[in-house]
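Student: Got a structure for you, written out below as structure tokens; questions coming shortly.
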Amino acid sequence: MFNLPIPKLGEITAFTITTPDLDKSLQFYQLLGFAELMRSDFPFPWIQVSDGAILIMLRKSDDPYIALTYYAKDIAASVQVVEDAGVVFTETPAAGDMVKRYVFQSPDGLTVSLVNIMDGFKAPPGPTMLNMPQEDYFNPEKYVNKTCGLYGEFAHPVKDLEASLSFWEKLGFIALSKTPGAQPWAILSDGLSVVGLHQTTEFDYPVITYFAADMKAKIDQLIQNGLQNYSVHSPGNIILSTPEQQKINLFNWGM
163 MFNLPIPKLG EITAFTITTP DLDKSLQFYQ LLGFAELMRS DFPFPWIQVS DGAILIMLRK
223 SDDPYIALTY YAKDIAASVQ VVEDAGVVFT ETPAAGDMVK RYVFQSPDGL TVSLVNIMDG
283 FKAPPGPTML NMPQEDYFNP EKYVNKTCGL YGEFAHPVKD LEASLSFWEK LGFIALSKTP
343 GAQPWAILSD GLSVVGLHQT TEFDYPVITY FAADMKAKID QLIQNGLQNY SVHSPGNIIL
403 STPEQQKINL FNWGM
């Protein structure tokens, strides 16, 4: 377990992912160990799913989009944190909007949104890699998601690791680990989200990453259950292409 900061941007975090076909996306995430929690047509058609560790908000739209979303009880306070960091919002709500939504981007183009908490929204019970004993990382029986393993990070490529670190630290994140080298990287958390900053040429997109000590067995079972549209990254590690044109890594722990 880590000594984590108190989140400044909200109380619940999720990935907002747009999809042209909600039912098709729901079936895909159910294959990965997720279950439907809520759905509504207001203010647009959406389905919220969870694997017990993370939330995904599937939102109907034809335009591919993924964002790290924070749901906040005091949205004004969350907005103030971002503004105090010198960040300019690219989208703000209209005066009469019932759902208050603010959007900004990291220096490397990762989209982050702040939304006021709606009735019925709650954080998954976990545990996650942030608050479970590290020896349990190697015990698949302790994983909440028995299908994919442990959610590890929301990874994305950065141009300058130190500049990106400075940006996220202003929003309340701290570095949990940092590795130098020709392609340095760092894992950050604000006590709620986990963001991976990778100064790399190996990928050019944001990607949700899972780890498991028995990932090869999990991948074999997923393929047997009908998993398609994936590429082999290395032995025992694959990259999924989701129905929404996003990516998910399934990586062996300790690769």
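Residue 163 is where the sequence shown starts when you use this note's numbering, and the numbers rise one by one after that. Note that beta-carbon positions come from the ideal geometry of N, C-alpha and C, so glycine has one too.
For Y232, which residues from the same chain have a beta carbon less than 6 Å from its beta carbon, with the 5 sequence-adjacent residues on both sides left out?
Tutor: L171, G172, T175 and L276
Student: Please give me, in chain order, every unbroken run of the beta strand (DSSP E) with length at least 3 that falls completely inside the region 174 to 202.
Tutor: 174 to 181 and 197 to 202
Student: Could you give the residue range of the beta strand (DSSP E) that holds Q361?
Tutor: Run containing Q361: none; DSSP gives neither H nor E here.
Student: Would you mind giving the Cβ-Cβ distance between Y372 and Y299, rounded to the nearest angstrom? I have them listed as a contact below 8 Å.
Tutor: About 12 Å; that fails the 8 Å criterion.
Student: Quick check on the burial criterion: 16 or more other C-beta atoms within 10 angstroms. Buried or exposed for G195?
Tutor: buried
Student: H360 to S396, Cα distance in whole Å?
Tutor: Spanning the two alpha carbons is a distance of roughly 18 Å.
Student: On the three-pair Cβ rule with 8 Å, is the region 375 to 387 touching the region 290 to 308?
Tutor: yes
Student: When the Cα atoms are used, what is the spatial distance from G388 to L184?
Tutor: 19 Å
Student: Do you know whose CA, among M280, N307 and V249, lies nearest Q267's CA?
Tutor: V249
Student: Helix, strand or coil, according to DSSP, for K332 in the structure here?
Tutor: Helix.
Student: Quick one, which of N391, I400, F329 and S393 has its alpha-carbon nearest L272's?
Tutor: Comparing Cα-Cα distances from L272 to each of N391, I400, F329 and S393, the minimum goes to F329.
Student: Give me the residue from L199, Q189, P182 and G311 with the minimum Cα distance to D224.
Tutor: P182
Student: Report the rounded CA-to-CA distance for A257 versus V241, giving the unit in angstroms.
Tutor: 15 Å
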